[in-house]
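In the working numbering, the protein residues as written are 266 to 664.
Beta carbons are placed, not taken as given, at the ideal position from N, Cα and C, and that holds for glycine.
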């Protein structure tokens, strides 16, 4: 380890790996999983069929839950055990939204969207956990419907009035019960979130193995060259939001931290902890919780007081990671101290140069403006202007 003074903190995201030729995007992962995609395409085709309405889905869900004499039109067509095929719940869920998943931050957005809805009593209509509760109650009532009219009345009311009519929620219920063999008899809030957490671990393990198999010598060469362009001959620390480890041979490198885990200890895909209390069943899905479980007592000092420049490259600057950046900006008191923020970007498609510039400018503006709101005074409102006037906010293209 070099004894030089560390003056630069370099923060990199998935764009770094992509620029080094590593096929590390959401789309790349599924392109590699040919058999899985064939199954998921077939299932989505059935779900999107105009003959598959919510009433049929309800019937198929009840049949999958063990009700006899109830028939829909899906069960026999897609009676595929995901556990036998190595397909997780999140593989299905993310693939269903693949058209909207351009960055890994979008994956985290949809993860957050499903988990927070299922922990919010204001959205019971779209709540998987609540819907599973209803299926469980229906199973309890079913053997008794012939005994008293009151049971029959309640059964019909639950099935027809209380049961969700949201098609996506019904599809996910069907997949849970039919394809993932969710044990409805064991259902509880704890069992449900334990199940989703274990399924997320499966997804992470599968993606991590894909990345391991994708890394080659050319990635090592390109990553070393790109790092040299980004560090400006300064001694630097590296904060990586990737699961990979760039090849580093330069003596100017000091220490690295993979904030979301490494390939050898399973990648972390999580949500922002803002607004989620520690005793919530969703808290374990937050990056805060998951990073704590991987924390090491022997971490080298990543944020020395000697830092003068915080540089970014290849990071989407998505809201899911704002809490990290806010902590770093607070730690260095970027308003008052002589800290320069440099946001590097590359033009990966010449035909989209102006669009890439606008997107980068918008992301930086949004980040700085959002951070400014944490001041709760006029300082926050003029933060971006202050940084620009003092030459401490720079957007820079690199080849």
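query = With respect to the alpha helix (DSSP H) encompassing residue 302, which residues constitute its N-terminal and C-terminal limits?
reply = That run of the alpha helix (DSSP H) goes 299-313.
query = Roughly how many whole angstroms lie between the Cα atoms of residue 657 and residue 626?
reply = In a straight line, the C-alpha of residue 657 is about 15 Å away from that of residue 626.
Rounded Cβ spacing between residue 659 and residue 274 (contact assumed at less than 8 Å) = For a cut-off of 8 Å, the C-beta gap from residue 659 to residue 274 is around 15 Å, too long to register as a contact.
task = For residue 564, collect the residues of the same chain with a Cβ closer than 6 Å to its Cβ; drop the 5 residues on either side in sequence, then sort them by chain order.
result = Note that residue 564 scores 47 on pLDDT, short of 50, meaning its location in the model is unreliable; the coordinates nonetheless yield the value given after this. Closer than 6 Å at Cβ, skipping near neighbours: no residue.
request  = Specify the secondary structure class of residue 551 as computed by DSSP and reduced to three states.
outcome  = Here residue 551 sits in strand by DSSP.
key: Supposed close pair residue 577, residue 609 - CB separation, criterion 8 Å   = Contact flag correct, Cβ pair sits at about 7 Å.
Closest Cα partner of residue 351 within the set 302, 282 and 320 = Looking from the CA of residue 351, the closest CA among 302, 282 and 320 belongs to 302.
key: Cβ neighbour criterion (16 or more within 10 Å) applied to residue 365   = Label assigned to residue 365: exposed.
Nearest-angstrom beta carbon gap, residue 537 and residue 468 [assumed within contact, 8 Å] = Taking a contact as a CB-CB distance under 8 Å, the pair residue 468 and residue 537 does not count as one, their CB atoms being some 19 Å apart.
request  = Can you tell me which of the three DSSP states residue 596 falls into?
outcome  = It is helical.
request  = Evaluate residue 596 with the Cβ neighbour count: other Cβ atoms within 10 Å of its Cβ, from every protein chain shown; 16 or more gives buried, anything less gives exposed.
outcome  = Exposed, by the Cβ-count rule.
request  = Use the C-beta contact count for residue 373: other C-beta atoms within 10 angstroms, 16 or more gives buried, fewer gives exposed.
outcome  = By the neighbour-count rule (16 or more Cβ atoms within 10 Å), residue 373 is buried.
query = Which ranges would you report for the alpha helix (DSSP H) in the region 430-462 if only whole runs of at least 4 residues count?
reply = Listed in chain order, the complete alpha helix (DSSP H) runs (minimum 4 residues) inside the region 430-462 are 432-439.
task = Return the residue from the list 606, 654 and 594 that minimises the CA-CA distance to residue 637.
result = For residue 637, the closest alpha carbon among the candidates 606, 654 and 594 is that of 594.
ask   = Residue range of the alpha helix (DSSP H) that residue 361 falls in?
value = Residues 354-361.
inquiry  = Please give me, in chain order, every unbroken run of the alpha helix (DSSP H) with length at least 4 that falls completely inside the region 480-532.
reply    = DSSP assignment within the region 480-532 yields the following whole alpha helix (DSSP H) runs of 4 residues or more, N-terminal first: 482-496.
message = So, with DSSP's three-state summary, where would you put residue 281?
response = Residue state, collapsed to three classes: helix.
inquiry  = For a cutoff of 7 Å on Cβ pairs, would you count residue 445 as touching chain C?
reply    = No chain C appears in this structure, which consists of one protein chain only.
request  = Jot down the residue ranges of each uninterrupted beta strand (DSSP E) in the region 602-649, minimum 3 residues, whole runs only, in chain order.
outcome  = Here the runs fully enclosed are 605-610.
key: DSSP state of residue 319 mapped onto helix, strand, coil   = In the three-state DSSP reduction, residue 319 falls in the helix class (H, G or I).
request  = Find the nearest neighbour of residue 466 within the set 353, 380, 639 and 293, judged by alpha-carbon distance.
outcome  = Put simply, of 353, 380, 639 and 293 the residue whose alpha carbon is nearest the alpha carbon of residue 466 is 353.
query = Name the DSSP bridge partner or partners of residue 661?
reply = Answer is 609.
ask   = By the 10 Å Cβ neighbour count, where 16 or more other Cβ atoms means buried, how is residue 617 classified, buried or exposed?
value = It is exposed - the Cβ of residue 617 has fewer than 16 other Cβ atoms within 10 Å.
request  = In angstroms with no decimal places, state the Cα-to-Cα distance between residue 545 and residue 641.
outcome  = Near 28 Å, if we compare the C-alpha coordinates of residue 641 and residue 545.
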